[in-house]
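Note that this note's numbering gives residue 292 to position 226 of the sequence shown, counting from 1, and the numbers run on in steps of one.
C-beta: ideal position from N, C-alpha, C; glycine also.
In what follows, a structure is listed as structure tokens, so that the remarks can point back to it.
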Amino acid sequence: MKGEALLQLKDVHVRYGGVKALDGASLTLGEGEIVALMGPNGAGKSTVLRAVFGLAPVAAGQILFHEQAVTPVPHQMVRRGIALVPQGRRVFAGLTVEENLEVGGFVIGDKAELKRRMEEVMKTFPVLRARRKARSGTLSGGEQQMLALARGLMVDPKVLLLDEPSLGLAPKITKEIFEYIKRINERHGTAIFVVEHNIKSLLEIVDRCYVLDKGKVVVEGTPDRLKGSDVLERVFLGKLE
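In structure tokens:
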């Protein structure tokens with residue numbers, strides 16, 4: 067882990083009816099880290115993000131932020147400095163780029179500060195500055211993903227939770243999105259939990275990885291460790307003992 071523990075899940079259990087989405091999962095995100103969450107469909111990756119943000123019911127275990135136990139509620143997590151960029155981008159198609167960013171900064175009470183944040187975010191995403199008055203529904207898929215990332219940055223988060231940021235994007239655009247994620251981490255010092263199916267690209271930018279299966283963490287390690295082993299292949303094929 068690069069820095070001190072910023073966000074921790076300790077023995078977290080999440081159930082949807084009789085289904086165990088998380089079964090005693092323990093994970094840590096350090097300050098300034100990018101940490102990958104990987105595993106097959108239904109492993110619990112997205113549930114980790116949803117539990118942290120208050121969108122999944124935590125039946126047991128603890129979530130800690132700055133070593134203090136918290137009960138996650140979405141708007142309170144935003145105020146604490148945690149932002150979620152959900153799967154599927156979910157921009158407001160009828161609103162302009164600027165208006166989407168204003169929605170992202172809903173907790174900012176000061177108009178001058180809101181404008182300053184917007185300008186800061188557009189430095190990171192110059193394409194959005196060029197299209198700031200365009201309705202978001204007219205943007206390309208890649209531009210909409212950039213807008214979703216930018217909207218998450220409006221609250222200047224300490225932690226960014228990214229759920230499948232490259233979903234549905236062409237390989238060239240995927241590469242660009244991953245470069246933006248790395249830039250956000252380096253420029254803003256933002257710690258990032260990222261769920262992503264594009265494992266090869268993901269391993270190029272992360273500091274550590276968690277591999278989940280059936281709601282449990284089955285492997286933790288560096289990208290180099292995972293590249294040098296067959297553990298991912300065994301997990302995805304259901305052959306991990």
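Cβ pair residue i, residue j closer than 8 Å
{"i": "Val144", "j": "Val221", "result": "yes"}
{"i": "Val101", "j": "Val285", "result": "no"}
{"i": "Leu278", "j": "Ala91", "result": "yes"}
{"i": "Gly96", "j": "Ala71", "result": "yes"}
{"i": "Val187", "j": "Leu167", "result": "yes"}
{"i": "Ala257", "j": "Val225", "result": "yes"}
{"i": "Tyr276", "j": "Leu93", "result": "yes"}
{"i": "Leu194", "j": "Val163", "result": "yes"}
{"i": "Gly120", "j": "Val78", "result": "no"}
{"i": "Arg274", "j": "Glu99", "result": "yes"}
{"i": "Leu130", "j": "Val136", "result": "yes"}
{"i": "Gln153", "j": "Ser112", "result": "yes"}
Own chain residues within Cβ distance below 7 Å of residue i, not counting five before or after
{"i": "Val173", "result": "Val144, Arg145, Val221"}
{"i": "Arg155", "result": "Gln210, Gln211, Ala214"}
{"i": "Arg81", "result": "Ala87, Ala125"}
{"i": "Arg182", "result": "none"}
N-terminal and C-terminal residue of the alpha helix (DSSP H) that residue i is part of
{"i": "Arg81", "result": "Arg81 -> not in any alpha helix (DSSP H); beta strand (DSSP E) instead, spanning 71 to 82."}
{"i": "Arg249", "result": "237 to 254"}
{"i": "Arg195", "result": "192 to 196"}
{"i": "Phe302", "result": "297 to 302"}
Own chain, CB closer than 6 Å to residue i, minus 5 neighbours either side, in chain order
{"i": "Val297", "result": "Val285"}
{"i": "Ile243", "result": "Gln211, Pro231, Ser232"}
{"i": "Lys86", "result": "Gly281"}
{"i": "Met67", "result": "Gly96"}
{"i": "Met184", "result": "Leu167"}
Bridge-paired residues (DSSP) for residue i
{"i": "Asp176", "result": "Asp176 is not bridged to any residue."}
Contacts around residue i, its chain only, beta-carbon distance under 8 Å, and the 5 residues preceding and following it disregarded
{"i": "Leu161", "result": "Val169, Arg201, Ser202"}
{"i": "Thr288", "result": "Asp273, Arg274, Cys275"}
Return the chain-ordered ranges of every beta strand (DSSP E) run that is complete within the segment 99 to 134 and spans a minimum of 3 residues. 100 to 104, 124 to 131
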